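Undergrad: Residue numbers (my numbering): 4 to 754.
Note that CB positions come from ideal geometry on N, CA and C, so glycine has one too.
Note that this is a predicted model, so its numbers are computed, not measured.
Pasting in a structure now, in structure tokens, and then I'll have a few things to ask.
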């Protein structure tokens, strides 16, 4: 059911924001009571697909020429009996007030434009990790996305509309317009129209992109014959905008005049922004407004100006969803009784059109289309997400190891890899719903949608922020969910969990026969062997499908012999000879052999040493990764066989928590708030991250304030080769933060 609508209408573009409740399928697991007769055969749990309702925010942007179509859409789909008022802000709130009230029969409630803009800006900075970017015109990747600081305040927002407003934002509700200028976008448009007879704003920018400002502007070298060294002025600096037009007896081209005008206004705005940033000691300066609108020419000139006037100390930051800020703010104002800010929200890649290319020469059709119709969807997440408290510096933490936006070779490989894997994903999606005859049709729609996303990303790798293996995996999960395939690997996980449980006691007994030192190595080798069982890796899934007998022992034989590709095992063993850790946080990976025969014996040893253990697993399904719901059932069953695990649960020394994630990778800056609280309360001093997605594609370089252990088997030949290894090479990375290493060495040094 659609709940309420809020629209923002601007001078040339209409932005519509609305809230809906979306019904979709989710996979649930329920434990069988094995003491009763309800348990069929040996199955541990049953899987059911249920309907669930979640909240979604929709933002649509299109040209004002289509305002009638927009209002028809609202009338037909969004206005319900509860809707009495529609929120509007911006110039169009006045311009289209009568039309909106007449067509919809609703009262138009106008909201303050600047308040809406700030609320919208705060919302996207808080909820979209790769929202802000630096524009670098001549770099391989023109967009360089920034990691959003955990505390987004304070910042400076330079809103360039008809004029310029400079706003200092100190908190959610505290902001102040500290300055501005009458020389802004309207000045560029108005003077540009007089100079070139061009009336359309985008056409004026198109002219500027082809012009040479040096034909019109007087440079330092035109006056002094070169640079002015004593004042630090290079010869190429503009000494006087339009200076040559006063003395040169010739006609100037429209392109050159437009470029000169753009430089003049951008430099003025840039210097003004720098002065206010310095005056108020602000290092984060965001630029927005219709003057920007994702155009490369304006972003480049603003960037150049900021770099020049601050000598590179301040970066000009732009926003992916800058055009939606007012609409988002208007929505938030209207929905205050529901307090949307109490939740975390995530961009739904399946329903969002992404950032279109802004190069007018490369993609002219996309530039035209992005101005006509553009979409952003945000889903309300079940869990409130926060930083892991153990990050050494949350403001500099970058989850992903490789940015495919900047690495063309890696990008081409992984896009090819995901396209090649599509048939297998479709096959498993259909197999996961054998009782639903329309599953094959839905799976085909998923294939088309995801393939289209991959093709878009091949041409526009920056569409959803930095392109990474994680974002490719997450986009696939979003597309699967859109077509109601919540857990394509559910049957595989169920089967592998049932089989692995039968071997648990045997695995534990074999460990108990070993000496202490032999056991430590066998436990690590067991985790690594278990981690081989990853259906997301084609090299593994091919083996598992062709050889049903491939098991735990066979996986051990596949592992690289020591020394491993990354090998800190000796240091880890030495640490184990010391006092036990107080609490270990373990981010687990796959179902079946991995969690049951690999991780659980390792956890058992930690508990036996006197270390508390927190097992963090996915909140929702992704590939064959174990979910929190499945892990609860598995742990109960293991506890019934193993007194060490049973005592750990009873004494609250073994805790199971949700990570807040539904991804095969791991972003330590977006974790369940409850998990963060448990980490603090338990005084966690060891973090263990397992698996290729969580420990190599992400977090390989993550710096923590406590000891950490990253374990993974490389199950991709291309990646192994790139890292200097081979298929099934081992990464065993034990790290101690510098300050703790100093403390430990001090303890070992005799006085």
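Buried or exposed: residue 640, going by 16 or more other Cβ atoms within 10 Å of its Cβ?
TA: Looking at its Cβ environment, which holds 16 or more other Cβ atoms inside 10 Å, residue 640 is buried.
Undergrad: Considering only residues of the same chain and omitting the five flanking positions on each side of residue 754, which have a CB-CB separation below 6 Å?
TA: Confidence is the limiting factor: at residue 754 the pLDDT is only 38, short of 50, which leaves the residue's position unreliable and the question unanswerable from this model.
Undergrad: Compare the C-alpha of residue 441 against each of 466, 487 and 457 and name the closest.
TA: Selected option, being the one with the closest Cα: 487.
Undergrad: Drop a sphere of 10 angstroms on the beta-carbon of residue 403, count the other beta-carbons inside from all chains shown, and report buried for 16 or more, exposed for fewer.
TA: Residue 403 comes out buried.
Undergrad: Leaving out five residues on either side along the sequence, give the residues of the same chain with a beta carbon under 6 Å from the beta carbon of residue 701.
TA: Counting only Cβ-Cβ distances below 6 Å, and skipping sequence neighbours, we find 402, 403, 473, 668 and 669.
Undergrad: For the alpha helix (DSSP H) holding residue 378, just list the boundary residues, first then last.
TA: Counting along the chain, residue 378 falls outside any alpha helix (DSSP H), though it belongs to the beta strand (DSSP E) covering 376 to 383.
Undergrad: Have a look at residue 658 and residue 19 and give me their C-alpha separation to the nearest angstrom.
TA: One C-alpha to the other measures close to 45 Å.
Undergrad: Might you give, ordered along the chain, the residues of its own chain that have their beta carbon closer than 7 Å to the beta carbon of residue 219, omitting 5 neighbours on each side?
TA: 245, 247, 248, 255, 259, 260 and 263.
Undergrad: I'd like the span of the beta strand (DSSP E) that includes residue 189, first residue to last.
TA: Not the beta strand (DSSP E): residue 189 falls in the alpha helix (DSSP H), residues 188 to 199.
Undergrad: Please classify residue 517: is it buried, with 16 or more other beta-carbons within 10 angstroms of its beta-carbon, or exposed?
TA: Exposed, by the Cβ-count rule.
Undergrad: Excluding the five sequence neighbours on either side, which residues of its own chain have a C-beta within less than 6 Å of the C-beta of residue 585, listed in chain order?
TA: Only 686 and 688 meet the Cβ criterion.
Undergrad: Starting from residue 513, trace the alpha helix (DSSP H) in both directions and tell me its first and last residue.
TA: Element bounds for residue 513: 507 to 515.
Undergrad: Considering only the alpha carbon of each residue, which of 204, 347 and 289 lies closest to residue 126?
TA: Comparing Cα-Cα distances from residue 126 to each of 204, 347 and 289, the minimum goes to 347.
Undergrad: Measure the C-alpha to C-alpha separation of residue 633 and residue 665 and round it to an integer number of angstroms.
TA: When rounded, the distance between both Cα atoms is 14 Å.
Undergrad: Using beta-carbon positions only, say whether residue 301 and residue 208 come within less than 8 Å of one another.
TA: It is a contact, given that the beta carbons lie within the stated cut-off.
Undergrad: Whole angstroms is fine: what's the gap from residue 625's alpha carbon to residue 715's?
TA: C-alpha separation (whole angstroms): 18 Å.
Undergrad: Of the residues 322, 25, 198 and 449, which one's Cα is nearest the Cα of residue 150?
TA: Of the candidates 322, 25, 198 and 449, the one whose C-alpha sits nearest the C-alpha of residue 150 is 322.
Undergrad: For residue 61, list the residues DSSP reports as bridge partners.
TA: Bridge partners of residue 61: 21 and 380.
Undergrad: Using 10 angstroms around the beta-carbon of residue 342, count the other beta-carbons present and answer buried if the total reaches 16, otherwise exposed.
TA: By the neighbour-count rule (16 or more Cβ atoms within 10 Å), residue 342 is not buried but exposed.
Undergrad: Anyone know if the C-beta pair for residue 622 and residue 663 falls short of 8 Å?
TA: Yes, the Cβ-Cβ distance between residue 622 and residue 663 is below 8 Å.
Undergrad: Where does residue 373 land, buried or exposed, given buried means 16+ other C-beta within 10 angstroms?
TA: Caution is warranted here: a pLDDT of 34 is assigned to residue 373, below 50, making its placement in the model unreliable, and the coordinate value is therefore given only provisionally. Label assigned to residue 373: buried.
Undergrad: By Cβ distance below 6 Å, which residues in the same chain neighbour residue 652 in space, the five residues on each side in sequence not counted?
TA: 642, listed in sequence order.
Undergrad: Run through the stretch 681 to 744 for me and flag every whole alpha helix (DSSP H) of 4 or more residues, listed as ranges in chain order.
TA: If we require 4 residues or more, the alpha helix (DSSP H) runs fully inside the stretch 681 to 744 come out as 720 to 725.
Undergrad: Hey, could you find the ends of the beta strand (DSSP E) residue 156 is sitting in?
TA: Note, residue 156: premise wrong, no beta strand (DSSP E); not H, not E.
Undergrad: Roughly how many angstroms separate the alpha carbons of residue 573 and residue 470, rounded to a whole number?
TA: The alpha-carbon atoms of residue 573 and residue 470 are separated by roughly 36 Å.
Undergrad: Do residue 58 and residue 386 come within 8 Å of each other at the CB atom, strictly closer than that value?
TA: In this structure, residue 58 does not lie closer than 8 Å to residue 386 by Cβ.
Undergrad: Please work out which residues of its chain come closer than 7 Å, Cβ to Cβ, to residue 704, disregarding the five sequence neighbours upstream and downstream, and give them in chain order.
TA: Excluding positions up to five away in sequence, the list reads 404.
Undergrad: Pairs of beta-carbons, one from the stretch 115 to 131 and one from the stretch 156 to 175, closer than 8 Å: are there three or more?
TA: Result yes; three or more Cβ-Cβ pairs closer than 8 Å.
Undergrad: By alpha-carbon positions, which one of 684, 644, 627 and 241 ends up nearest to residue 655?
TA: If we check each option's Cα against that of residue 655, 684 comes out closest.
Undergrad: Count the other CB atoms within 10 Å of the CB of residue 197; is the residue buried (16 or more) or exposed (fewer)?
TA: Label assigned to residue 197: exposed.
Undergrad: Have a look at 97, 223, 468 and 732 and flag the residue whose alpha-carbon is nearest the alpha-carbon of residue 355.
TA: Comparing Cα positions, the closest option is 468.
Undergrad: Give me, in chain order, the residues of the same chain whose beta-carbon lies closer than 6 Å to that of residue 92; leave out the 5 immediate sequence neighbours on both sides.
TA: Here the set comprises 11, 114, 116, 119, 329 and 333.
Undergrad: Would a C-beta distance cut-off of 8 Å place residue 392 and residue 682 closer than the cut-off?
TA: Cβ atoms of residue 392 and residue 682: closer than 8 Å.
Undergrad: If you count every other CB in all the chains shown that lies within 10 Å of the CB of residue 538, and 16 or more means buried, which is it?
TA: Buried is the call here.
Undergrad: Can you give me the start and stop residues for the beta strand (DSSP E) that residue 225 sits inside?
TA: Here residue 225 belongs to no beta strand (DSSP E); instead the alpha helix (DSSP H) covers 223 to 227.
Undergrad: Can at least three beta-carbon pairs, one atom from the stretch 187 to 206 and one from the stretch 284 to 303, be found at a separation below 8 Å?
TA: The stretch 187 to 206 vs the stretch 284 to 303: in contact.
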